[in-house]
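Step one of this worksheet: look at the structure below.
2 protein chains.
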Amino acid sequence: MSDEAEIRPGETTLDLPPADDARLRFIGRIRTPFQTRDDCPRQGDPEAGPDCRVELDPRLEPALEGVEGKGWLELLYWLDRSRRDLLTQRPRGSDGPRGTFSLRSPQRPNPIGSSVVRLLRREGPVLVVRGLDCLDGTPLLDLKPARCDQGVRARAENGRDG
Amino acid sequence: MSDEAEIRPGETTLDLPPADDARLRFIGRIRTPFQTRDDCPRQGDPEAGPDCRVELDPRLEPALEGVEGKGWLELLYWLDRSRRDLLTQRPRGSDGPRGTFSLRSPQRPNPIGSSVVRLLRREGPVLVVRGLDCLDGTPLLDLKPARCDQGVRARAENGRDG
Chain A
212 MSDEAEIRPG
222 ETTLDLPPAD
232 DARLRFIGRI
242 RTPFQTRDDC
252 PRQGDPEAGP
262 DCRVELDPRL
272 EPALEGVEGK
282 GWLELLYWLD
292 RSRRDLLTQR
302 PRGSDGPRGT
312 FSLRSPQRPN
322 PIGSSVVRLL
332 RREGPVLVVR
342 GLDCLDGTPL
352 LDLKPARCDQ
362 GVRARAENGR
372 DG
Chain B
212 MSDEAEIRPG
222 ETTLDLPPAD
232 DARLRFIGRI
242 RTPFQTRDDC
252 PRQGDPEAGP
262 DCRVELDPRL
272 EPALEGVEGK
282 GWLELLYWLD
292 RSRRDLLTQR
302 PRGSDGPRGT
312 FSLRSPQRPN
322 PIGSSVVRLL
332 RREGPVLVVR
342 GLDCLDGTPL
352 LDLKPARCDQ
362 GVRARAENGR
372 DG
């Protein structure tokens with residue numbers, strides 16, 4: 212549970228049995244300069260953002276073979292301080308509640324964050340990247356070559372609230 | 212386990228205790244025309260690909276409020292027929308083994324697939340989208356507004372093998 216565990220006016224929840232359809236293994240940790248939610252930028256910046264470290268479990272290091280050649284990586288991570296029962300929520304600064312799936316909020320039924328980051332370099336089982344906005348210590352779930360040209364970063368049709 | 216459960220020459224595995232650092236809830240199912248791995252395209256096509264259905268658990272329908280206004284969505288799903296112990300693997304047609312994290316193969320420690328799709332319309336708890344490449348019946352984990360302009364779809368610096 213996060214420091215955002217309290218319900219705000221207009222927010223709604225759904226109680227379901229405990230989640231157990233599949234199980235995850237944390238494969239590493241993400242190190243960022245962001246110690247609190249207030250520290251986190253709204254969106255990571257792969258150009259001007261701070262360097263962050265993706266510390267992979269050293270036992271998995273052979274699986275990094277060839278990653279060096281990828282300029283952009285997609286990272287998936289577990290937003291472990293999120294509540295998972297919000298159907299509608301009210302982001303700070305919004306004028307009313309919104310459906311959870313219309314937001315990229317960390318509070319969601321399966322709190323998996325995704326970012327596309329620029330790979331600066333690899334140091335053994337550690338990747339130095341730029342473009343993250345998550346808390347320091349966030350558990351890593353997956354990393355793979357990015358598919359789209361995130362360098363463009365246009366928010367396109369989705370607008371600022373996406 | 213998939214029909215790709217067998218190890219090919221050059222592939223390596225790592226045995227670890229069962230994964231249980233976090234637990235997922237399947238929030239729906241993805242319906243595609245692809246019944247076998249051979250049916251699946253190498254990459255979804257949000258322009259010319261077939262219409263697919265994202266069938267959300269109806270209890271979660273209130274969380275879709277506002278999704279209609281998003282032209283592009285990011286979908287996360289569970290590749291439930293994947294093996295999870297491959298450190299290096301040899302994709303069909305490749306000339307040698309590659310590190311799992313340098314590929315977007317479904318075989319990975321946490322087999323979470325991600326796609327950015329074009330939203331065509333919503334029908335209650337069902338979203339009709341274009342751009343998927345996963346098997347029919349794939350469990351849905353999350354959906355959120357896409358962040359980057361996937362309309363561009365440049366493979367950029369990562370090249371074709373990404």
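If you're matching them up, the sequences are chains A and B in order.
The numbers in the first sequence follow our numbering, run straight up by one, and end at 373.
The numbers in the second sequence follow our numbering, run straight up by one, and end at 373.
The C-beta atom is built at its ideal place from N, Cα and C for all residues, glycine as well.
Among residues of its own chain, excluding the 5 on either side of residue i, which ones have a beta-carbon nearer than 6 Å to its beta-carbon?
| i | result |
| --- | --- |
| K289 (chain B) | Looking at the sequence shown, residue 289 (chain B) is not Lys but Trp. Once the five neighbours on either side are set aside, the close Cβ partners of W289 (chain B) are P350, L352. |
| L354 (chain B) | L284, L286 |
| S325 (chain A) | L287 |
| L346 (chain B) | F245 |
| G260 (chain B) | R341, G342 |
Among the residues of its own chain, which have a CB less than 7 Å from the CB of residue i, if the five just before and after it don't count?
| i | result |
| --- | --- |
| D226 (chain A) | D296 |
| G348 (chain A) | R240 |
| V195 (chain A) | Since the displayed chain A opens at 212 and closes at 373, residue 195 (chain A) lies outside it and no answer follows. |
| R329 (chain A) | P257, G282, W283, V340, R341, G342 |
Going along chain B, which residues have a C-beta under 9 Å from residue i?
| i | result |
| --- | --- |
| R242 (chain A) | In chain order: nothing, as chain B lies at least about 18 Å away. |
| S313 (chain A) | A274, L275, E276, G277, V278, E279, G280, K281, K355, P356 |
| E266 (chain A) | Residues of chain B passing the Cβ test: none, with the nearest at roughly 13 Å. |
Can you pull the DSSP bridge partners for residue i?
| i | result |
| --- | --- |
| G260 (chain B) | Paired residues: none, contrary to the question. |
| D353 (chain A) | A:L287 |
| Q300 (chain A) | A:R309 |
| I323 (chain A) | A:W289 |
| V265 (chain A) | A:I241, A:L338 |
| A233 (chain B) | A:L235 |
| R333 (chain B) | B:L338 |
| T224 (chain A) | A:L297 |
| P328 (chain A) | Sequence check: residue 328 (chain A) is Val here, not Pro. Answer is A:L284, bridged to V328 (chain A). |
Can you find the residues in the same chain that come closer than 8 Å, C-beta to C-beta, to residue i, ignoring five residues on each side of it along the sequence?
| i | result |
| --- | --- |
| G221 (chain B) | T299, R301, G307, P308 |
| T311 (chain B) | L297, L298, T299, Q300, Q318, R319, P320 |
Report the rounded CA-to-CA distance for residue i versus residue j, giving the unit in angstroms.
| i | j | result |
| --- | --- | --- |
| R366 (chain A) | G282 (chain B) | Unreliable positioning characterises R366 (chain A) in this predicted model, as indicated by a pLDDT of 38, which lies under 50. The coordinate reading is nonetheless provided below. Approximately 11 Å between the Cα atoms of the pair. |
| A230 (chain B) | F245 (chain B) | 28 Å |
| G255 (chain A) | D344 (chain A) | 5 Å |
| S305 (chain A) | I218 (chain A) | 15 Å |
| G335 (chain B) | I323 (chain B) | 26 Å |
| R358 (chain B) | P269 (chain A) | 31 Å |
| P252 (chain A) | T243 (chain A) | 11 Å |
| I238 (chain A) | D232 (chain B) | 10 Å |
| L267 (chain A) | P356 (chain A) | 16 Å |
| R248 (chain B) | S313 (chain B) | 20 Å |
Closer than 7 Å by beta-carbon distance: list the chain B residues that pair up with residue i, in chain order.
| i | result |
| --- | --- |
| R270 (chain A) | L225 |
| L352 (chain A) | N321, I323 |
I want to verify the contact list: residues of chain B whose CB lies under 8 Å from the CB of residue i, in sequence order.
| i | result |
| --- | --- |
| R309 (chain A) | E276, G277 |
| L287 (chain A) | L287, N321, I323, S325 |
| P302 (chain A) | Within chain B, no residue comes near P302 (chain A); the closest Cβ sits about 11 Å away, beyond 8 Å. |
| P317 (chain A) | Per Cβ cutoff of 8 Å: no residues; P317 (chain A) is ~11 Å from chain B at best. |
Counting only Cβ pairs nearer than 9 Å, list the residues of chain A close to residue i.
| i | result |
| --- | --- |
| E258 (chain B) | Result: empty, since nearest Cβ-Cβ is about 14 Å, beyond 9 Å. |
What residues of chain D sit near residue i, judged by a beta carbon separation below 7 Å?
| i | result |
| --- | --- |
| R253 (chain A) | Although the question refers to chain D, the structure presented lacks it and instead comprises the protein chains A and B. |
Quick one: is the Cβ of residue i within less than 7 Å of any heavy atom of the ligand MN?
| i | result |
| --- | --- |
| S305 (chain B) | The model on display carries no ligand, and the ligand MN is accordingly not part of it. |
Cβ closer than 8 Å: which chain A residues qualify as neighbours of residue i?
| i | result |
| --- | --- |
| T299 (chain B) | P273, A274, E276 |
- [ ] Residues of the segment 221-249 of chain B with a CB closer than 8 Å to any CB of chain A: list them in chain order, please.
- [x] Of all residues in the segment 221-249 of chain B, T223, L225, L227, P229, A230, D231, D232, A233, R234, L235, R236, F237, I238 have a Cβ within less than 8 Å of some Cβ in chain A.
Q. Using a beta-carbon distance cut-off of less than 7 Å, what residues from the segment 325-337 of chain B approach chain A?
A. Sequence-ordered contacts of the segment 325-337 of chain B with chain A read S325, V327 [C-beta pairs closer than 7 Å].
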